[in-house]
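Asker: At position 202 of the sequence shown (counting the first as 1) the number is 202 in UniProt numbering, and the numbers step up by one without a gap.
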Amino acid sequence: MGASGRICTVVPVEDAGEAAMLALSSPTGCVELRLDFYPGDPGEALELLATRLHSPARVVVTLRSAGHGGLDRRARGERRAVLARLEDLAPEGWLVDYEVEDLHASSGCSGCIASSHPTTPPTPRRALEEAAVAERLGASAYKLVYPGVEPWEQAAAARLVAEAGGFATSFTLGPGTLASRLTALALGAPLVFGSHPRAPLDGVPQSSEIMELYLRMGLGES
């Protein structure tokens, strides 16, 4: 898959209609629908979005919890039911993001993304073990993101991507986040994430900038 399909443009879903327009204007071939921004029933928003989005080709559906840096404050038990419903409602080929706690509490998933957002990086061995468990539980990709200022923290993220053979993505948050995302992309990560130019998020580089710099590196076509 080209870089455009591996760079997901984040779309905060505050209003389903506006989110659909943002998604359709994504500068990359992948969008992430952040349903934790939605004030109502996330399933209702997803149903509406599913009828309107015939492009981009790749869509990630996310209900990020407050414990992982998002806005959703449902208890894990309630989240499990909501995520299962989102997976049922999602069109074929769309990926639902399961935080690792949700995935472990469920009976697995069908091609989801297993994500983890710790405050400190796990050891590379622990990260690889967690990725392996996620794969056994049905995930098609593993995502590990954490704050990182020191060079070794960014190197640890890159090592996971390199050793996971296209199954894992990992990058750091903070001053070096753009370089960390580019490194993950260059090493074959299945996904990295950037903000929409019309809906910027604090601390998240724009997906169009990630794409531009990746192509400038001369590593491949979009």
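All C-beta atoms in this analysis are idealised placements derived from N, C-alpha and C, irrespective of residue type, glycine included.
As the structure is a computational prediction, the values presented were derived from the model and not from experiment.
Return the chain-ordered list of same chain residues with a C-beta closer than 8 Å to the C-beta of Ser110, the five sequence neighbours on each side being excluded.
Answerer: Taking the sequence shown and counting its residues from 1, one reaches residue 110 at position 110. Contacts found: Glu87, Gly138.
Asker: Counting C-beta neighbours from all protein chains within 10 Å, is the total for Ala66 16 or more, i.e. buried, or is it exposed?
Answerer: One-based indexing of the sequence shown puts residue 66 at position 66. Flag for Ala66 reads exposed.
Asker: For His68, which residues of its own chain have a beta-carbon under 6 Å away from its beta-carbon, when the five flanking residues on both sides are left out?
Answerer: Within the sequence shown, numbered from 1, the residue matching residue 68 stands at position 68. The answer, listed in chain order, is Glu99, His117.
Asker: From the DSSP output, read off the bridge partner residues of Phe193.
Answerer: Taking the first residue of the sequence shown as position 1, residue 193 is located at position 193. Its beta-bridge partners are Cys8.
Asker: Please look up how many angstroms separate the CB atoms of Ser140 and Leu95, rounded, as I've assumed it's under 8 Å.
Answerer: For this step, residue 140 is matched to residue 140 along the sequence shown. For this step, residue 95 is matched to residue 95 along the sequence shown. Confirmed, Cβ separation roughly 7 Å.
Asker: How many angstroms separate the CA atom of Ser208 from the CA atom of Pro197?
Answerer: By 1-based counting over the sequence shown, the position of residue 208 is 208. By 1-based counting over the sequence shown, the position of residue 197 is 197. Taking the straight line from one Cα to the other gives about 7 Å.
Asker: On the premise that Val82 lies in contact with Leu63, defined as a C-beta separation below 8 Å, what is that separation, rounded to the nearest angstrom?
Answerer: Here residue 63 refers to the residue found at position 63 of the sequence shown. Here residue 82 refers to the residue found at position 82 of the sequence shown. About 6 Å; that satisfies the 8 Å criterion.
Asker: In this structure, does DSSP put Tyr98 in helix, strand or coil?
Answerer: The residue given as residue 98 occupies position 98 in the sequence shown. Three-state DSSP puts Tyr98 in a strand.
Asker: Would a C-beta distance cut-off of 8 Å place Val10 and Ser195 closer than the cut-off?
Answerer: The sequence position of residue 10 within the sequence shown is 10, counting from 1. The sequence position of residue 195 within the sequence shown is 195, counting from 1. In contact: Val10 and Ser195 (Cβ atoms closer than 8 Å).
Asker: Answer yes or no: do residue 286 and Leu182 have a C-beta to C-beta separation smaller than 8 Å?
Answerer: With the chain covering 1 to 222 only, the question about residue 286 has no answer from this structure.
Asker: Is it right to say Thr123 is buried, meaning 16 or more other beta carbons lie within 10 angstroms of its own, or is it exposed?
Answerer: Position 123 of the sequence shown, counted from the start, is the residue given in the question as residue 123. That one is exposed.
Asker: Between which two residues does the beta strand (DSSP E) containing Pro147 stretch?
Answerer: Counting from one through the sequence shown, the residue named residue 147 turns up at place 147. Start and end: 141–147.
Asker: Relative to the C-alpha of Leu168, which candidate in Leu128, Glu44, Glu101, Gly17 has its C-alpha closest?
Answerer: Looking up residue 168 in the sequence shown gives position 168. The question names Leu, but residue 168 is Ala in the sequence shown. For the residues Leu128, Glu44, Glu101, Gly17, the minimum Cα distance to Ala168 belongs to Leu128.
Asker: According to DSSP, is Val13 part of a helix, a strand, or is it coil?
Answerer: Here residue 13 is taken as the residue at index 13 of the sequence shown, counted from 1. Coil, per DSSP.
Asker: Go ahead and pull the three-state DSSP assignment for Phe167.
Answerer: On the sequence shown, residue 167 is found 167 positions in, with the first residue counted as 1. Three-state result, Phe167: coil.
Asker: How many angstroms separate the CA atom of Ala179 from the CA atom of Val13?
Answerer: Taking the first residue of the sequence shown as 1, we reach residue 179 at position 179. Taking the first residue of the sequence shown as 1, we reach residue 13 at position 13. For Ala179 and Val13, the distance between alpha carbons rounds to 27 Å.
Asker: Taking 7 Å as the limit between beta carbons, can you name the residues of its chain near Pro147, skipping five residues before and five after?
Answerer: If you number the sequence shown from 1, residue 147 lands on position 147. For Pro147, where only same-chain residues beyond five positions count, the Cβ hits under 7 Å are Thr119, Thr172, Leu173, Gly174.
Asker: The beta strand (DSSP E) that contains Ala114, what's its start and end?
Answerer: For this step, residue 114 is matched to residue 114 along the sequence shown. Here the beta strand (DSSP E) through Ala114 covers 113–116.
Asker: Assuming contact is defined by CB atoms lying nearer than 8 Å, are Ala155 and Tyr142 in contact in what I supplied?
Answerer: Residue 155 sits at position 155 when you count from the first residue of the sequence shown. Residue 142 sits at position 142 when you count from the first residue of the sequence shown. Their beta carbons are not under 8 Å apart, which means Ala155 does not touch Tyr142 by this criterion.
Asker: If we ignore side chains and look at the alpha-carbon of each, how far apart do Ala57 and Cys30 end up?
Answerer: Residue numbering aside, residue 57 sits at position 57 when the sequence shown is read from its first letter. Residue numbering aside, residue 30 sits at position 30 when the sequence shown is read from its first letter. Between Ala57 and Cys30, the C-alpha separation is close to 6 Å.
Asker: Quick check on the burial criterion: 16 or more other C-beta atoms within 10 angstroms. Buried or exposed for Met217?
Answerer: Stepping through the sequence shown from its first residue, residue 217 is reached at position 217. Label assigned to Met217: exposed.
Asker: Would DSSP call Asp72 helix, strand or coil?
Answerer: Your numbering for residue 72 matches position 72 in the sequence shown. Note: Asp72 maps to strand in three-state DSSP.
Asker: Per DSSP, Val82 forms a beta bridge with which residues?
Answerer: Taking the sequence shown and counting its residues from 1, the one referred to as residue 82 is at position 82. Bridge partners of Val82: none, in fact.
Asker: Consult DSSP for Glu32 and reduce its assignment to one of helix, strand or coil.
Answerer: Position 32 of the sequence shown, counting from 1, holds the residue named residue 32. If DSSP states are grouped into helix, strand and coil, Glu32 belongs with the strands.
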